[in-house]
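Protein chains in written order, with our numbering: chain A, 1 to 189; chain B, 1001 to 1851.
Below is one structure, written out as structure tokens; the observations come after it.
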């Protein structure tokens, strides 16, 4: 059998405390320049991050961490006019070839998750790589290793024994915005 | 500083950033020439790094792994793994924790800290001499020789007159042994004054409360023990942001089926993953604990066996003077004689006064129902064995002296706290008070993790003391999955049979010739202004942003600082405090010098991962330079590395497996050979209490004169419930430690701007509406001491009647003013008598208006 991987992630929002260690560890460790961010955080059910929803004394405080969903049918790849965006058939990882990218920003506009983030230092698109190099060496992506609540689980979705596959079997996990039709590889509990 | 231009606007363009929040700062208030650039400092990141994709990152061949232990005072002490490339730290990740997999942690602060500490605009780069008014920020660069000569001249003049008029104030900015203790050790070598740290910084209420009941100021269950809990209560403790390394265990406990309840005025980060958030009015936690005890005792569900075995519950209290009844040779004797408090701790680490464990234990008295007589209080083992049956309750006359049990005093104190009254004080539905009480006692077991959030109040010992007493009444002290814990999880080591020597060799470090004059830090203002109890003619500040993190900053600036002739600050950062100093010396951060953190069961090491920035030096180097000019160089004959090598150079079996190259240099952490890595709890088997009685001591004889001998709740000194002040300033103001700052060291690491880029006033929409304030409005928060202009952040996640900001922001980031000029420094007589006043940072009334 070919060693074809389908890397994916399950994020358990029930345990997300909103600290953004994921955001910051990605930014620092991947040396993401300028204002670009490959992770970001939203309120799970409201408009304003860190604002509780509902009514006192029983409001809700919950978060949705977002990153590239490394979709199976990625809008960024489908709409990239330069061919810079590509999906690696061996791993499922979506990446941008910065030598080819013309910084038009279409990928960022069409991505339902707002994942591609303009590197405003070098004026070229940048995005989450699922820490491909680390993953190739068997390490977890930085955001996963850094999460102090172990809310992120990463692995090969083709392997039914992988941690994310098992978590998806145990718990009801769903992609965010499935209606966009991109078939994400990131699922949320 | 010559390099003082601002970079506002330099980050354009900002297109396509989809990080949920545009964070570019739109204003930076003028703060004097020295710090404008430090407010941003974003250019530190990626200077020359350039590449966007991880798969384009240069091969690891050009990189070097380095290690450190984070020494800021969040109560975690995380082992960090860094990466250095071209002499610069480029990333920080969690470092391994030998023997405890799954405990590796690095928070967002420690990761982004490397941006700020390598930013020469944020750092103090050279010795600087003030040229303008204090606070103006006008300094000139001088040489180390000039700086030390000038300081030595001032210091020697003071030492010649009165050594104690020279003060060395080292707080918790760097808790590495060398950094933390070098300034106070220096004070000892010249016989100068040092300051017992916890009071003014607002952590001492916890220590006092713990010491009253347990006899020691710390004590916690290993957070892994919460896998044994059915219920876990984080009480005034936002563990997710303030003790991040333990969060994974809370998550594991909850996955394991434990219910997690957070009691907090704010729906804090930890509440986001809790089963329930119970909002509580600030300053009222003891009332809730009393209400819960009342419900538990009223339903006859209290742990009677444990109370008579392990606590002072059956101890007889004299009706005439409220002291413990004491008997010697079968005769009642007058009150306490010679129960001396053990002397406060060593240099730089002075804890609350600790009880001498079991001192005079044999003189206390219980009523033995088997014998029908008053007998000396037996130890827990004897009671468990059935050889004595202490009466938990009742009135007795012994030798003509009328007595009641301590438990009856406690039960009486609880009786007033019906669910209705408790609910009214705490702002909690009485039905919730009852349900919480029921859930807590029925959980069997339930653990409580207490936090300093509830003790920055007047009578600050009450919260920890009362909540811990609740845990004892419920029978959860010393029980797996239970406890009332404070600070980091207990780590222990195996006793090594036959070996009596110390693990660490601190003999040279402790040999200071003279001795420091240790003064409660609650008295630092009166010392400066009134020379009471000591004058301050020379002040050395290290590891502390004193002005920013102490109460009533206007008072500090207008009264305290002008009363001090000469101030030196040694700090890595251009702090608010540095700007009010006469000489500022550049100090190293923990990535730049050798140091040691003894955090059993590990020894954790710092070593120079990068060259010290500018001309910065370690605290040991700095004190050693000064020692040469003050005649005490004999005590300062080693450099940092030599000290560390000496510390771990004993033949104690702890070091059997130590390989310096492998463990210290390459790993930065050593798991001791004598360590126990399994989860540990405190007070197992009813033993280990360090109180005078040797028991869990909820009856505090020292507080009889303050009518506070058993746990009580007293209204705050600025009471929102009634009075003129409450009319004028009806809102309670609290400051909380959040994800961005431990104190002020991390302000504002560039990578943190995405999280939050200015201080915000959290406010319930109900309070905002009444004042015509909308989300995002600029508001003025004021009281008679000061004010601040800040943006309002409306959220249902805060109790009405209370507003809150994040602690640690520096004045540079407020539109006007600063949060710390709202707070006050009010001496509490009971606390001074017991130990020292704890700053009541959360006992503050304000009014908020649209600016």
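The beta carbon of each residue, even a glycine, is placed where N, CA and C say it ideally should be.
Please read these numbers as outputs of a predicted model, since none were measured by experiment.
Within 8 Å, strictly: CB atoms of residue i and residue j
| i | j | result |
| --- | --- | --- |
| residue 1681/B | residue 1480/B | yes |
| residue 1740/B | residue 1752/B | yes |
| residue 1302/B | residue 1496/B | no |
| residue 1526/B | residue 1831/B | no |
| residue 1840/B | residue 1457/B | yes |
| residue 184/A | residue 175/A | yes |
| residue 70/A | residue 8/A | yes |
| residue 1560/B | residue 1583/B | no |
| residue 1099/B | residue 1675/B | yes |
Close-in-space but distant-in-sequence residues of the same chain around residue i (CB under 8 Å, 5 per side omitted)
| i | result |
| --- | --- |
| residue 995/B | Look at the range of chain B in this structure, 1001 to 1851, and you will see that residue 995/B is not part of it. |
| residue 1725/B | 1718, 1719 and 1845 |
Strand pairing of residue i, partner residues [DSSP]
| i | result |
| --- | --- |
| residue 42/A | 64/A |
| residue 1403/B | 1318/B and 1396/B |
| residue 1850/B | 1779/B |
| residue 1291/B | DSSP, once it has assigned bridges, lists no residue as partnering residue 1291/B. |
| residue 1235/B | 1263/B and 1450/B |
| residue 1604/B | 1597/B and 1669/B |
| residue 1367/B | 1374/B |
| residue 1333/B | 1326/B |
| residue 134/A | Per DSSP, none; premise fails for residue 134/A. |
| residue 1817/B | 1788/B |
| residue 1129/B | 1140/B and 1583/B |
| residue 91/A | DSSP, once it has assigned bridges, lists no residue as partnering residue 91/A. |
Contact set between residue i and chain A, taken where Cβ atoms lie within less than 8 Å
| i | result |
| --- | --- |
| residue 1267/B | 52, 59 and 61 |
| residue 1273/B | 14, 15, 16, 17 and 149 |
| residue 1248/B | 148, 149 and 150 |
| residue 1107/B | 19, 21 and 148 |
| residue 1282/B | The contacting residues do not exist; residue 1282/B stays about 15 Å from chain A at best. |
| residue 1875/B | Residue 1875/B is absent from the model: chain B starts at 1001 and stops at 1851. |
Cβ neighbours of residue i in the same chain (closer than 6 Å, five flanking residues each side left out)
| i | result |
| --- | --- |
| residue 1402/B | 1319 |
| residue 1101/B | none |
| residue 1245/B | 1076, 1078 and 1105 |
| residue 1090/B | 1083 |
| residue 1355/B | Residue confidence for residue 1355/B is low, a pLDDT of 46 falling below 50, so the modelled location carries little weight; the figure read from the coordinates is stated next. Excluding sequence neighbours, residue 1355/B sits near 1215, 1690, 1691 and 1692. |
| residue 142/A | 25, 26, 29 and 131 |
| residue 1054/B | Note on residue 1054/B: pLDDT 29, under 50, position unreliable in the model; no value is reported. |
| residue 1210/B | 1217, 1464 and 1486 |
Beta-carbon neighbours of residue i, restricted to chain B and to distances below 7 Å
| i | result |
| --- | --- |
| residue 29/A | 1091 and 1093 |
Contacts around residue i, its chain only, beta-carbon distance under 7 Å, and the 5 residues preceding and following it disregarded
| i | result |
| --- | --- |
| residue 111/A | 75 and 76 |
| residue 123/A | 103 |
| residue 1370/B | 1388 and 1389 |
| residue 1155/B | 1166, 1538 and 1630 |
| residue 1636/B | 1623, 1624 and 1627 |
| residue 23/A | 37, 39, 40 and 41 |
| residue 1786/B | 1554, 1817, 1821 and 1822 |
| residue 1074/B | 1242, 1243 and 1742 |
Counted within 10 angstroms of its Cβ, other Cβ atoms place residue i as buried (16 or more) or exposed
| i | result |
| --- | --- |
| residue 169/A | exposed |
| residue 1530/B | exposed |
| residue 1095/B | buried |
| residue 1620/B | buried |
| residue 1045/B | Note that residue 1045/B scores 30 on pLDDT, short of 50, meaning its location in the model is unreliable; the coordinates nonetheless yield the value given after this. Buried is the call here. |
| residue 1792/B | buried |
| residue 16/A | buried |
| residue 1465/B | buried |
| residue 1617/B | buried |
| residue 1665/B | exposed |
Chain A residues whose Cβ lies nearer than 7 Å to that of residue i
| i | result |
| --- | --- |
| residue 1112/B | 24 and 28 |
| residue 1270/B | 17 |
| residue 1138/B | Under the 7 Å cutoff, chain A gives no residues; its nearest Cβ is about 33 Å from residue 1138/B. |
| residue 1751/B | 24, 27 and 28 |
| residue 1795/B | 51 and 52 |
Partners in chain A for residue i, counting only beta-carbon separations shorter than 9 Å
| i | result |
| --- | --- |
| residue 1241/B | 17 and 19 |
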